[in-house]
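0 is the number of the first residue of the first sequence in numbering that gives the first Met the number 0; add one for each residue after it.
Just so it is clear, CB atoms sit at the ideal spot from N, CA and C, and this is done for glycine as well.
Here the structure is a predicted model, which means the values were calculated and not measured.
This report refers to the structure that appears directly beneath it.
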Amino acid sequence: MDYFKKAIVLSLKEVTNLPEDEIAGFIEIPPDIKMGDYAFPCYSLSKTLKKSPAIIATELLSAIRPVAPVREVKALGPYLNFFIDKAIFSENISKKIFEEKDRYGCSAIGAGKTIVVDYSSPNIAKHLAVHHLRSALIGSGVYNVYKTLGYKCVGINHLGDWGTQFGQLIVAYKKWGGENAHTSYTVTDLNDLYVKFHQEAEKNPGLEGEAREWFKKLEAGDAEARELWQHFKDISLKEFQKIYDMLGIHFDAFTGESFYNTLVEDTVNRIKEKGLTRISEEALIIDLEPYNMPPCLLRKKDDATLYATRDIAAAEYRKKTYNFERMIYVVGSEQKLHFRQVFKALELMGHDWANHCIHVDFGLMKFKEGKMSTRKGNVVLLEDLLVEAVERIRKIIEEKNPSLENKETVAHEVGIGAIIFANLSTKRNKDVVFDWDAVLNFEGETGPYVQYTHARLCSILRKYGKPVATDIQYELLKEEETVILVKILSQFPLIIRKASEAYEPSLISNYLIDVCSSLNRFYNAHRVLSDDEELTRARILLVDATRQVIKNGLNILGMHAPERM
RNA sequence: GCGCCCGUAGCUCAGUGGAUAGAGCAACGGUUUCCUAAACCGUAGGUCAGACGUUCAAAUCGUCUCGGGCGCACCA
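Shown next, in the form of structure tokens:
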């Protein structure tokens with residue numbers, strides 16, 4: 000609870016005889032700043048006191064003795080509304096931001112605790128496409144949010160580098176891969192082979208069997224299978240890294256599914272020893288019938304392990320290696336059941352940390368025509384999208400600010416930023432229909448809008464040219480636009496905390512839109528630089544504070560905050 | 001069939017128990033001798049899918065219905 004709310008709670012405590020916690024729980028922020036800064040609704044008191052809420056509000060008003068920083072109390076209908084001294088408030092907030100700088104919004108609540116975040120996790124031998132963006136960006140955002148709160152974060156790219164599909168790829172490669180495939184292959188070639196395999200397999204079902212054989216060989220450590228697999232992986236990782244670099248996404252580990260291959264045996268044995276398994280339809284399963292779930296398959300009838308088996312082994316390994324406080328899987332909601340099964344399996348194995356594993360799911364990205372599928376080849380490649388975004392920004396710069404220095408860098412920061420922001424600006428559980436025009440629209444509530452606002456603030460500060468100072472006359476920050484802005488700036492730390500609790504980076508992007516639209520309203524209504532020296536100094540401090548908050552927020556989203564654009 | 005998610009302005013979305021449901025886009029009108037007009041202001045646009053219920057109070061909670069999406073044994 001902040002200093003301002005605390006003061007109100009204490010004065011209400013005297014007149015209502017309610018416990019502090021209860022009062023604090025009731026206190027609200029009025030919808031309009033004209034109604035005050037905080038409000039106490041009197042509805043619930045009306046039940047015990049048998050009086051109308053409006054009368055209670057009036058009675059409380061006459062009894063209450065407001066002390067600083069509360070300046071005024073009013074009874075507005077069923078609410079008792081509190082008005083904070085604006086000068087004290089803006090001094091308090093401005094100084095805090097000015098002192099903390101890049102650390103404004105940070106906290107130490109995560110000190111000494113580790114969070115594992117599993118995100119992106121694409122399949123090897125396929126291109127990264129636009130529908131891979133969501134996991135990567137939401138995961139990266141969640142990672143940054145937790146880092147801001149002082150947690151030690153471990154970002155893991157759980158590469159899909161294992162499974163029957165590699166058997167399929169090996170078969171396709173050996174049959175149609177060509178002579179000099181080894182030296183010149185790209186992900187495109189691998190992708191073509193994958194598509195071809197599925198086309199051919201429809202005509203010739205025997206191919207599936209061959210593929211299973213090859214995957215078994217791979218699992219058994221067969222030299223030829225192993226070599227081909229490593230080759231596919233190298234090609235893929237090289238291309239992936241290029242795109243992660245473009246997006247500015249960082250991982251602490253690239254331990255994919257194959258990494259757990261050697262651990263799976265032991266995991267399965269321990270599950271067996273606990274008596275959790277049985278054979279059903281020739282497969283080794285954990286029966287989850289009592290929990291109203293389909294069984295968790297550990298081994299197929301050909302003995303090969305599955306996704307779930309490796310996920311269980313991976314979870315144990317990560318707990319042992321990182322001793323996480325919480326582990327977050329940023330994976331699409333179509334895998335909800337899978338994670339419920341895996342978490343339940345972990346629980347049945349006796350791991351008390353099973354409920355520290357969280358599936359942070361998100362909605363599907365699809366075309367108007369339907370689902371995106373690498374297998375069917377109807378995708379938009381991520382690289383194409385990023386290149387196109389940068390290209391469009393480059394044109395806009397040419398048009399609006401042709402004399403800008405570092406055009407290339409800025410075009411990159413703004414273009415990529417636009418894509419990141421667009422992906423993080425709606426709540427994650429919504430399905431998204433991919434639409435080129437919508438993604439590449441840069442007006443209104445977009446990344447470029449936020450960055451542009453930031454650049455203009457930097458421009459003012461450059462023009463001012465003197466150091467920003469906090470020994471200003473805070474009473475000068477009194478217009479409505481100003482007061483609203485300060486208030487919004489004060490909420491940043493709370494927003495970060497909420498974003499962490501809900502695993503929802505969109506709270507940050509929506510908040511930044513709030514900051515920017517309030518700033519722009521202020522900017523258009525009042526001049527910052529003027530002959531009035533005291534007023535200029537006061538507004539400069541506000542400009543600097545706003546610039547700082549926008550920058551900090553953008554960085555959490557994984558975006559740059561260019562100083563000119 | 002069963003389970004989960006979604007349904008708010010023409011479109012994309014905020015708002016998830018409190019005061020008059022808000023933004024952006026699209027449409028129309030306006031603002032630049034002035035700190036970057038990638039901005040700002042105004043007009044218009046709503047049966048919060050529907051019904052019933054809980055509550056002093058429901059877009060928000062519950063039940064049901066309708067519509068859309070996803071998942072439900074050897075893919076990941």
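When the beta-carbon positions are compared, isoleucine 512 and isoleucine 555 stay at least 9 Å from each other.
The stretch 240 to 271 is shown to contain no whole beta strand (DSSP E) run of 3 or more residues. Going by DSSP, alanine 38 is part of no alpha helix (DSSP H) but of the beta strand (DSSP E) stretching over 37 to 40. When the beta-carbon positions are compared, serine 139 and serine 120 stay at least 9 Å from each other. CA-to-CA, the gap between aspartate 160 and leucine 460 works out to about 50 Å. Taking 9 Å as the cut-off, the beta carbon of glycine 166 is found closer than this to the beta carbon of tryptophan 213. In the structure shown, tyrosine 328 adopts extended strand secondary structure according to DSSP, grouped into three states. Selection Leu136, Asp233, Arg225, Val141 evaluated against serine 183 yields Asp233 as nearest (Cα-Cα). With a minimum length of 4 residues, the unbroken runs of alpha helix (DSSP H) contained wholly in the stretch 287 to 338 fall at 306 to 321. Under the three-state reduction of DSSP, arginine 563 is assigned to coil, being neither helix nor strand. Excluding residues up to 5 positions away in sequence, Ile63, Arg64, Pro65, Val66, Val69 lie with their Cβ nearer than 8 Å to the Cβ of serine 10 in the same chain. Taking 9 Å as the cut-off, the Cβ atoms of proline 18 and proline 52 do not count as close. Rounded to the nearest angstrom, the Cβ distance from leucine 148 to isoleucine 123 is 33 Å, too far for a contact under 8 Å. Here glycine 247 is not near histidine 453, since their CB atoms are 9 Å or more apart. When DSSP states are grouped into helix, strand and coil, phenylalanine 82 belongs to the strand group. In this structure, the straight-line span from the alpha carbon of leucine 296 to that of glutamine 340 is close to 10 Å. Going by C-alpha positions, lysine 300 is about 12 Å away from lysine 215.
The residues Tyr150, Glu324, in chain order, have a CB closer than 6 Å to that of lysine 112 in the same chain once the five nearest residues on each side in sequence are set aside. The beta carbon of alanine 312 sits closer than 6 Å to the beta carbons of Tyr259, Leu262, Val263, Thr266 from its chain, once the five residues preceding and following it are set aside; these are given in chain order. No Cβ-Cβ contact shorter than 9 Å links asparagine 156 with glycine 557. Comparing alpha-carbon positions, the option among Glu562, Pro561, Leu236, Lys550 lying closest to glutamate 99 turns out to be Lys550.
At a Cβ-Cβ threshold of 9 Å, valine 8 and isoleucine 28 do not count as neighbours. By the C-beta density criterion, tryptophan 228 is buried, having at least 16 other C-beta atoms within 10 angstroms. Leaving aside the five residues that flank glutamine 472 on each side, the residues in its chain whose CB is nearer than 7 Å to its CB run, in chain order, Glu533, Ala537. Taken in chain order, the complete alpha helix (DSSP H) segments of 4 or more residues contained in the stretch 165 to 219 are 180 to 183, 186 to 202, 205 to 219.
About 13 Å separates the beta carbon of isoleucine 96 from that of alanine 468, a gap too long to meet the 8 Å contact definition. In the three-state reduction of the DSSP assignment, arginine 277 falls in the strand class, which pools E and B.
For arginine 461, the enclosing alpha helix (DSSP H) stretches over residues 446 to 463.
Contact annotation, leucine 518 with leucine 484: C-beta distance approximately 6 Å; criterion of less than 8 Å satisfied.
In this structure, the straight-line span from the alpha carbon of tyrosine 118 to that of alanine 307 is close to 17 Å. For glutamate 71, the enclosing beta strand (DSSP E) covers residues 69 to 75. Rounded to the nearest angstrom, the gap between the Cα atoms of alanine 252 and glycine 154 is 6 Å. Going by beta carbons, glutamate 480 and phenylalanine 521 fall inside the 9 Å limit. Exclusion of the five residues before and after arginine 546 leaves His453, Leu456, Cys457, Leu460 as the residues of its chain whose Cβ lies within less than 8 Å of its Cβ.
One thing to note: methionine 326 has its Cβ no nearer than 9 Å to the Cβ of alanine 344. The stretch 497 to 515 makes contact with the stretch 417 to 429; the number of CB pairs closer than 8 Å reaches 3 or more.
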